[in-house]
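A.B. asks: Sharing a structure, written as C-alpha cells. Questions coming.
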Amino acid sequence: MIITHARPDDLADIVALEQDGFDATEQWSEAAWAQELAASDRRVLARLDLHARVIGVASFSCVEDMADLHRVVVRPSARGAGIGASLVRAGLEWASAVGARRMLLEVRPDNHSAVALYRRLGFEPISTRRDYYGPGRDALVMQVSLAGDDAWAVVCA
Numbered sequence: 000m001i002i003t004h005a006r007p008d009d010l011a012d013i014v015a016l017e018q019d020g021f022d023a024t025e026q027w028s029e030a031a032w033a034q035e036l037a038a039s040d041r042r043v044l045a046r047l048d049l050h051a052r053v054i055g056v057a058s059f060s061c062v063e064d065m066a067d068l069h070r071v072v073v074r075p076s077a078r079g080a081g082i083g084a085s086l087v088r089a090g091l092e093w094a095s096a097v098g099a100r101r102m103l104l105e106v107r108p109d110n111h112s113a114v115a116l117y118r119r120l121g122f123e124p125i126s127t128r129r130d131y132y133g134p135g136r137d138a139l140v141m142q143v144s145l146a147g148d149d150a151w152a153v154v155c156a
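Using numbering that gives the first Met the number 0, you'd call the opening residue of the sequence shown number 0 and step up by one each time.
So this is what it looks like as C-alpha cells:
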C-alpha cells in the first residue's frame, strides 16, 4: 500500500469514505473536502490500495510551530489494518520536517478505537471542548510533542 498526496481527482473516493466513516451530522461535505485538497496550507495524505484506490485519508495543517490533525478517515472494511496509524505517522513526520514542535487533534471521547490509536502514537489528553460536535457532544483535545529527540518516532516504530 502507498501513502501519497491526495489529489483533486481523489475527491469522489474521499467523499465516499467520509459518508461510510461518519454519522451524517459529523460528515464533511464535498465542498469542504474540495477546499481541503485545494488549500495551500494543508497536507492531505491518502493511503492507496493495490488498485490505486483511496482507502484512507488524513488532513493536516501547520502554522509556525503548531500542527493540527484535522481528519482521519479509513474505509470501514480496511479498519484495524494500521492504515490510520500509517497516515498519522506520515503526518507527524511531515509536521516535524516543517518545524512543528507539537500536534493537536480533537476526537470524540466515545470513539475508543481512535483514542487508543492516538494514545499509541504518543498523544495525551490536554482538555475538553464542550459542544464541539454539537450540543452535548464534546471533543477530547489531545497533543503530542514533536520537539527534541522525536520521542514519538519510538512509539510509532
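We treat Cβ as the ideally placed atom computed from N, Cα and C, and that holds for glycine.
Report, in whole angstroms, the separation of the C-beta atoms of L139 and L91, which I expect to be a contact under 8 angstroms.
C.D. replies: At roughly 18 angstroms, the Cβ-Cβ gap does not stay under 8 angstroms, so L139 and L91 are not in contact.
A.B. asks: Could I get the ranges of all uninterrupted beta strand (DSSP E) runs contained in the segment 10 to 64, with 3 residues as the minimum, in chain order?
C.D. replies: 41 to 47, 53 to 62
A.B. asks: Just the C-alpha distance for V73 and A80, rounded to the nearest angstrom, thanks.
C.D. replies: 10 angstroms
A.B. asks: Is R101 helix, strand or coil when you go by DSSP?
C.D. replies: strand
A.B. asks: In chain order, what residues of the same chain have a beta carbon less than 6 angstroms from the beta carbon of V87, not counting five sequence neighbours either side?
C.D. replies: L120
A.B. asks: If you count every other CB in all the chains shown that lies within 10 Å of the CB of G135, and 16 or more means buried, which is it?
C.D. replies: So G135 ends up on the exposed side.
A.B. asks: Tell me, which residues are paired with S144 by DSSP?
C.D. replies: R101
A.B. asks: Tell me A66's beta-bridge partners as DSSP assigns them.
C.D. replies: C61, M102
A.B. asks: Quick one: what does DSSP say P134 is sitting in, helix, strand or coil?
C.D. replies: Taken through DSSP and simplified to helix, strand or coil, P134 comes out as coil.
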